[in-house]
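Please read the structure below before turning to the comments.
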Amino acid sequence: MSQENLWGELPDAQSLVLPQNILKQQASFLGKMTGNLIEAKVTKSIVPSRAFSYALEIFSSALAGYSIRILQIDYDITIYPLELHDMVNQKKYGVGDEKELFHGLKVILQSENVKKVLSSVLAHAKAK
Amino acid sequence: MKFLYWNLNKKSLYNLIYQIANQHDIDVMLFSEMDFDLPKLLQALNPGESGIYRYISRPFEDPIIISRLGDEFFTMHFDTSGISVFQLNPIIVPDILIVVVHLKSKLYLKTEDQPFYCQELASIIEEYETKIGHKRTVVVGDFNMNPFEQGIIVSNGLHAIMDRSIALKESRKVSGKDYYFFYNPMWRHFGDYPEGAKGTYYYNSSNPVNYYWNIFDQVLIRPQLIKYFVDSDLQILTKAGDIKLLSPAGLPDKINASDHLPIIFNLNLISGGE
Chain A
3 MSQENLWGEL PDAQSLVLPQ NILKQQASFL GKMTGNLIEA KVTKSIVPSR AFSYALEIFS
63 SALAGYSIRI LQIDYDITIY PLELHDMVNQ KKYGVGDEKE LFHGLKVILQ SENVKKVLSS
123 VLAHAKAK
Chain B
114 MKFLYWNLNK KSLYNLIYQI ANQHDIDVML FSEMDFDLPK LLQALNPGES GIYRYISRPF
174 EDPIIISRLG DEFFTMHFDT SGISVFQLNP IIVPDILIVV VHLKSKLYLK TEDQPFYCQE
234 LASIIEEYET KIGHKRTVVV GDFNMNPFEQ GIIVSNGLHA IMDRSIALKE SRKVSGKDYY
294 FFYNPMWRHF GDYPEGAKGT YYYNSSNPVN YYWNIFDQVL IRPQLIKYFV DSDLQILTKA
354 GDIKLLSPAG LPDKINASDH LPIIFNLNLI SGGE
């Protein structure tokens with residue numbers, strides 16, 4: 003029997019950033035920008051039809067236990083294409099690659115409605 | 114405890130809301146698509162008296178919550194567009210989890226995509242039921258789906274059924290996994306007999322399938338709350354006091370009221386459990 007390796011060249015895992023890690027990176031920026039008055043976290047969600055689902059939620063320690071889900075990504079083992087759900091503006095995007103994911107996240111996080119939500123949470127947190 | 118839910122269609126319906134609150138002795142009011150002056154509404158609701166009804170302040174403003182109970186009886190848990198989760202903690206009686214929804218309209222979302230949002234909603238509900246440690250949950254709002262549509266019925270969606278005796282079994286297994294029921298008491302409010310509302314929302318289209326009347330505004334209750342639910346108090350209102358919410362043609366009066374009819378329901382948390 004032939005001993006030939008049929009796997010060929012393995013892909014470089016280093017070059018692939020998991021989408022949830024991109025969300026975590028964005029989450030870490032928010033705390034720094036607001037002096038930790040508002041923070042963000044990435045939570046694992048359950049979507050029966052997809053293998054993986056993660057949500058970006060904002061919260062404030064001043065508003066104990068309360069959180070607001072901003073967006074969610076759902077994907078299968080191949081990662082892309084993934085679904086990006088804008089929970090604040092109620093829109094859904096099909097995302098083909100990492101570049102498109104960055105673009106979609108930027109559109110959502112800089113949207114007027116997300117800014118309104120952040121501003122309202124800040125006001126409530128400061129009032130506590 | 115009496116609840117009112119109404120999609121106001123961005124109309125300034127101060128007097129109508131006052132009439133309903135007054136006539137039906139409402140404790141908690143939940144409004145979607147409210148786009149008017151909140152202080153004016155509070156003035157209308159509290160004529161000559163100081164603050165019976167209060168605005169429950171939170172960062173997310175849809176739905177608006179107005180209640181005779183103060184902020185201290187509400188614990189806010191979660192918001193995202195179209196879904197709000199909070200706990201009502203009245204003194205002495207059992208606390209309940211309230212989920213208010215305003216799911217996306219069929220005008221902006223394909224019918225086949227709607228179940229996705231119900232799956233999401235179901236997973237959020239279960240997450241908070243697990244966090245607070247009970248399933249005394251009520252889901253109310255504008256689902257933009259009828260009680261018979263897939264997202265409301267399917268086991269991994271809201272799993273809301275019309276038969277309380279089945280709902281009282283609490284759950285059923287599908288592919289080896291337990292899925293918890295909701296009881297949906299809205300089913301019997303379809304149709305034109307007896308006299309009254311034929312649904313909560315009217316839409317006439319030229320499509321081959323046309324229901325005309327829909328019950329998009331619904332209340333779903335977990336089996337654990339059925340014993341507190343007062344059947345006769347669940348109403349789709351066609352009047353606010355003496356003021357008709359229907360046009361002379363018998364359709365929701367979009368000009369003087371809203372394109373949706375309000376629903377009211379009662380959870381008798383004091384003696385209902387006995």
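These protein sequence lines are chains A and B, in that order. Note that our numbering has the first sequence beginning at 3, numbered continuously upward. Note that our numbering has the second sequence beginning at 114, numbered continuously upward. Backbone N, C-alpha and C define an ideal beta-carbon position, used for all residues, glycine too.
Residue i - partner residues in DSSP beta bridges
i, result
"glutamine 331 of chain B", "B/Gly254"
"proline 365 of chain B", "B/Leu359"
"valine 97 of chain A", "A/Leu84"
"asparagine 379 of chain B", "B/Lys115"
"phenylalanine 191 of chain B", "A/Ser69 and B/Val198"
"histidine 373 of chain B", "B/Tyr314"
"asparagine 320 of chain B", "According to DSSP, which records beta bridges pairwise, asparagine 320 of chain B is partnered with nothing at all."
"alanine 273 of chain B", "B/Phe295"
"glutamate 41 of chain A", "A/Phe61"
"asparagine 120 of chain B", "B/Ser145"
Where residue i meets chain B, residues with beta-carbon distance less than 7 Å
i, result
"glycine 67 of chain A", "His190"
"serine 113 of chain A", "Those within 7 Å of serine 113 of chain A in chain B number zero; the least Cβ separation is about 11 Å."
Residue i - containing alpha helix (DSSP H), residue span
i, result
"serine 2 of chain A", "Chain A is shown only over 3 to 130; residue 2 of chain A falls outside these bounds and no answer can be derived."
"glutamine 200 of chain B", "Here glutamine 200 of chain B belongs to no alpha helix (DSSP H); instead the beta strand (DSSP E) covers 196 to 201."
"arginine 277 of chain B", "277 to 280"
"tyrosine 241 of chain B", "227 to 245"
"glutamate 114 of chain A", "114 to 129"
"methionine 35 of chain A", "21 to 35"
"leucine 151 of chain B", "151 to 158"
DSSP-derived helix/strand/coil call for residue i
i, result
"tyrosine 315 of chain B", "strand"
"valine 141 of chain B", "strand"
"tryptophan 326 of chain B", "strand"
"lysine 46 of chain A", "strand"
"arginine 167 of chain B", "strand"
"valine 109 of chain A", "helix"
"serine 284 of chain B", "strand"
"tyrosine 341 of chain B", "coil"
"aspartate 184 of chain B", "helix"
"leucine 210 of chain B", "strand"
"asparagine 128 of chain B", "helix"
"asparagine 135 of chain B", "helix"
"glutamine 348 of chain B", "strand"
"alanine 15 of chain A", "helix"
"glutamate 308 of chain B", "coil"
"histidine 215 of chain B", "strand"
"glutamate 102 of chain A", "helix"
Cβ-Cβ distance between residue i and residue j below 8 Å
i, j, result
"proline 122 of chain B", "serine 371 of chain B", "Before going further, note that residue 122 of chain B is asparagine rather than proline in the sequence given. Closer than 8 Å, so yes."
"isoleucine 209 of chain B", "leucine 234 of chain B", "no"
"isoleucine 75 of chain A", "leucine 65 of chain A", "no"
"valine 213 of chain B", "isoleucine 237 of chain B", "no"
"tyrosine 166 of chain B", "serine 145 of chain B", "no"
"valine 253 of chain B", "phenylalanine 116 of chain B", "yes"
"leucine 333 of chain B", "alanine 273 of chain B", "yes"
"isoleucine 79 of chain A", "alanine 57 of chain A", "no"
"arginine 277 of chain B", "tyrosine 293 of chain B", "no"
"leucine 281 of chain B", "isoleucine 339 of chain B", "yes"
"leucine 158 of chain B", "isoleucine 130 of chain B", "yes"
"isoleucine 40 of chain A", "leucine 32 of chain A", "yes"
"proline 172 of chain B", "isoleucine 110 of chain A", "no"
"aspartate 344 of chain B", "proline 298 of chain B", "yes"
"aspartate 330 of chain B", "asparagine 120 of chain B", "yes"
"isoleucine 265 of chain B", "methionine 258 of chain B", "yes"
Chain B residues whose Cβ lies nearer than 9 Å to that of residue i
i, result
"methionine 89 of chain A", "Thr193, Ser194, Gly195, Ile196 and Glu233"
"histidine 126 of chain A", "Ser170, Arg171 and Pro172"
"serine 122 of chain A", "Arg171, Pro172, Phe173 and Glu174"
Extent of the continuous beta strand (DSSP E) run through residue i
i, result
"isoleucine 177 of chain B", "177 to 180"
"isoleucine 266 of chain B", "Not the beta strand (DSSP E): isoleucine 266 of chain B falls in the alpha helix (DSSP H), residues 263 to 266."
"isoleucine 60 of chain A", "54 to 61"
"aspartate 291 of chain B", "290 to 293"
Cross-chain neighbours of residue i in chain A, by beta carbon under 7 Å
i, result
"phenylalanine 295 of chain B", "By Cβ distance, chain A contributes nothing, its closest Cβ being about 17 Å from phenylalanine 295 of chain B, past 7 Å."
"lysine 217 of chain B", "Gln92"
Interface partners of residue i on chain A, CB under 8 Å
i, result
"lysine 223 of chain B", "Correct list: empty, because the minimum Cβ distance to chain A is about 10 Å."
Amino acids of chain B, ordered along the chain, whose beta-carbon sits closer than 8 Å to that of residue i
i, result
"isoleucine 70 of chain A", "Pro172, Phe173, Phe191, Asp192 and Thr193"
"valine 119 of chain A", "Pro172 and Phe173"
Closer than 7 Å: residue i CB and nearest the ligand COA heavy atom
i, result
"proline 375 of chain B", "Of the ligands one can find in the structure shown there are none, so the ligand COA has no counterpart to examine."
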